[in-house]
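Mind the numbering: the sequence shown is residues -20 to -1, 1 to 357 in mature numbering (1 follows the signal peptide of the UniProt record, and there is no 0), read in order.
Input: a single structure, listed below in structure tokens.
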Amino acid sequence: MNVKRSLLLIFILASLNATAQKEDYVKFGGALRFNIFDKSWVDDATQPEATLDTWRLNVDARTAGIDLSFEYRFYPTSGNSHFLHHGYLGYGFTDDLYMKLGVSQVPFGITKYASHSWWFQIPYYVGLEDDYDMGIKFDYTGIDKLELNVAYFRQPEFNGGASSDLDANASRYSYDITPSDEAAIRELNQFNLRAAYQLSESVEVGVSGQFGGIYNEVLEESEMSTAFAGHLVANVGNFNFKGEYVYYNYAAKDNSGNTLDKIQMGAYAYNYNVAAEANMVVAGLAYSIPVEWGPISNIQTYVDYSVINKAAAGFEPTQHLVPGMLITAGSIYTYVDYAMGKNNAWLGADTWTNGLAEGSADAEWENRFNINIGYYF
């Protein structure tokens, strides 16, 4: 009987301790995604093709009121690249003020995504959608209907790893400036301001500003880089609309002190050139259809369009059009996209290096039918 009472006492004390520590936790998760695709510019027996898109590891935790959020990704078919997606410590000073220290999403434009499809919109491919950098960010919601984000980023996110024949400086999730033989440049000391106001429960408008240095290691000096955005997000019934206007000027000089009209950017261990100055228009419309088809609970149809108009003389616009649908079945999300592009780095055989820079007046529309199946846990 004494043994039973002792065990009962131990159980009660353990339960009380667990209750006292209920706010502390460690949660592991991840994802596994596959791609099935057919490219219009490839005409051989390899099409259509199925590949392992990515797998990832997530850790979320809390201790003593301090949060941890971490995600690391692996892309076996993209040069065996692997890199940190995000990793930060979070702390809530009050219910209205939250800080993130580490690699977190840059507060710019529509967050978390300006897109509905698996393909993002054009701003992602020039570092202005779902971008992640290393620094400190504050989110403030203490003013009615208004969210303010203020951030300082010392540098881009950390480099990961990749095959030896690829560029380790470009082994990252989001696009950032990478050094080339002509221009030993990198992003340094960036400030971001973002304000989003709820006109109603279903309509958000916002403005964003980004100011930072582009440092040339040969010249040992920085040029001021700027970007501005205005956005609108609206939900009307089952419809969702995302609209955005973006202007940017990645002011930078080459190693001889000449102003650049295009710069090198990289992600997934690959580099390409981007117009140094441009404006972009983004629009996307989606419609959600609740269903009860076995495990399928929702189908969201959408069409996303964006265009980048470049400032340099003779540079041709880049266009990006993606109709598709997202099928939700529990924790399995399937994107079915028909991605179309003109002077688009990711869509075409001859557009990779300079499609987002000078492009070509003779460029044709290319397309890729893509199915991305992901299980998230």
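Glycine included, every Cβ here is placed at the ideal spot set by N, Cα and C.
The model shown is predicted, which means the values in this text are computed figures rather than measured ones.
Residues of its chain near residue i, where Cβ-Cβ distance is below 6 Å and the 5 sequence neighbours each way are ignored
{"i": "residue 345", "result": "320, 322"}
{"i": "residue 136", "result": "113, 156, 167"}
{"i": "residue 219", "result": "267"}
{"i": "residue 11", "result": "36, 354, 356"}
{"i": "residue 228", "result": "207"}
{"i": "residue 38", "result": "9, 10, 51"}
{"i": "residue 230", "result": "205, 243, 256"}
{"i": "residue 189", "result": "173, 208"}
C-alpha distance - residue i paired with residue j, whole-angstrom precision
{"i": "residue 311", "j": "residue 279", "result": "14 Å"}
{"i": "residue 100", "j": "residue 35", "result": "19 Å"}
{"i": "residue 339", "j": "residue 242", "result": "11 Å"}
{"i": "residue 267", "j": "residue 224", "result": "19 Å"}
{"i": "residue 49", "j": "residue 118", "result": "16 Å"}
{"i": "residue 18", "j": "residue 317", "result": "11 Å"}
{"i": "residue 94", "j": "residue 6", "result": "30 Å"}
{"i": "residue 357", "j": "residue 209", "result": "34 Å"}
{"i": "residue 335", "j": "residue 324", "result": "5 Å"}
{"i": "residue 53", "j": "residue 201", "result": "34 Å"}
{"i": "residue 111", "j": "residue 124", "result": "27 Å"}
{"i": "residue 374", "j": "residue 148", "result": "Here the chain comprises residues numbered -20 to 357, so residue 374 is not present and cannot be evaluated."}
{"i": "residue 302", "j": "residue 105", "result": "15 Å"}
{"i": "residue 8", "j": "residue 42", "result": "12 Å"}
{"i": "residue 181", "j": "residue 221", "result": "14 Å"}
{"i": "residue 97", "j": "residue 348", "result": "13 Å"}
{"i": "residue 259", "j": "residue 300", "result": "14 Å"}
{"i": "residue 203", "j": "residue 244", "result": "16 Å"}
{"i": "residue 173", "j": "residue 272", "result": "42 Å"}
{"i": "residue 308", "j": "residue 330", "result": "35 Å"}
{"i": "residue 92", "j": "residue 26", "result": "35 Å"}
CB-CB length for residue i against residue j, believed under 8 Å
{"i": "residue 107", "j": "residue 250", "result": "With a Cβ gap of about 14 Å, residue 107 and residue 250 do not count as contacting."}
{"i": "residue 85", "j": "residue 66", "result": "7 Å"}
{"i": "residue 350", "j": "residue 314", "result": "The Cβ separation is near 11 Å, so there is no contact."}
{"i": "residue 216", "j": "residue 184", "result": "With 8 Å as the limit, residue 216 and residue 184 do not qualify as a contact, their Cβ atoms being about 13 Å apart."}
{"i": "residue 294", "j": "residue 21", "result": "Not confirmed; about 24 Å, so no contact."}
{"i": "residue 246", "j": "residue 158", "result": "4 Å"}
{"i": "residue 161", "j": "residue 122", "result": "With a Cβ gap of about 49 Å, residue 161 and residue 122 do not count as contacting."}
{"i": "residue 186", "j": "residue 175", "result": "6 Å"}
{"i": "residue 276", "j": "residue 102", "result": "In fact, because the Cβ distance is near 30 Å, the residues do not count as touching under 8 Å."}
{"i": "residue 163", "j": "residue 196", "result": "7 Å"}
Residue i in three-state terms, based on DSSP
{"i": "residue 103", "result": "helix"}
{"i": "residue 139", "result": "coil"}
{"i": "residue 11", "result": "strand"}
{"i": "residue 148", "result": "helix"}
{"i": "residue 331", "result": "coil"}
{"i": "residue 253", "result": "strand"}
{"i": "residue 294", "result": "coil"}
{"i": "residue 198", "result": "coil"}
{"i": "residue 1", "result": "Annotation note: pLDDT 45 at residue 1 (below 50); position unreliable, coordinate value reported separately. Of the three classes helix, strand and coil, the one that applies to residue 1 here is coil, per DSSP."}
{"i": "residue 96", "result": "coil"}
{"i": "residue 240", "result": "coil"}
{"i": "residue 213", "result": "strand"}
{"i": "residue 299", "result": "strand"}
{"i": "residue 222", "result": "strand"}
{"i": "residue 28", "result": "coil"}
Contact test: residue i Cβ vs the ligand NAD heavy atom, cutoff 7 Å
{"i": "residue 181", "result": "Absence of the ligand NAD is noted for the structure shown, with no ligands found whatsoever."}
Residues near residue i by beta carbon distance below 7 Å, same chain, minus five either side
{"i": "residue 341", "result": "296"}
{"i": "residue 115", "result": "131, 132, 133, 134"}
{"i": "residue 72", "result": "78"}
{"i": "residue 337", "result": "242, 253, 254, 255, 295"}
{"i": "residue 28", "result": "16, 17, 18"}
Own chain residues within Cβ distance below 8 Å of residue i, not counting five before or after
{"i": "residue 33", "result": "13, 14, 15, 55, 57, 352, 354"}
{"i": "residue 69", "result": "46, 47, 48, 80, 81, 82"}
* Given 8 Å as the limit, is there contact between the region 136 to 143 and the region 263 to 271, that is, 3 or more CB pairs closer than that? -> no
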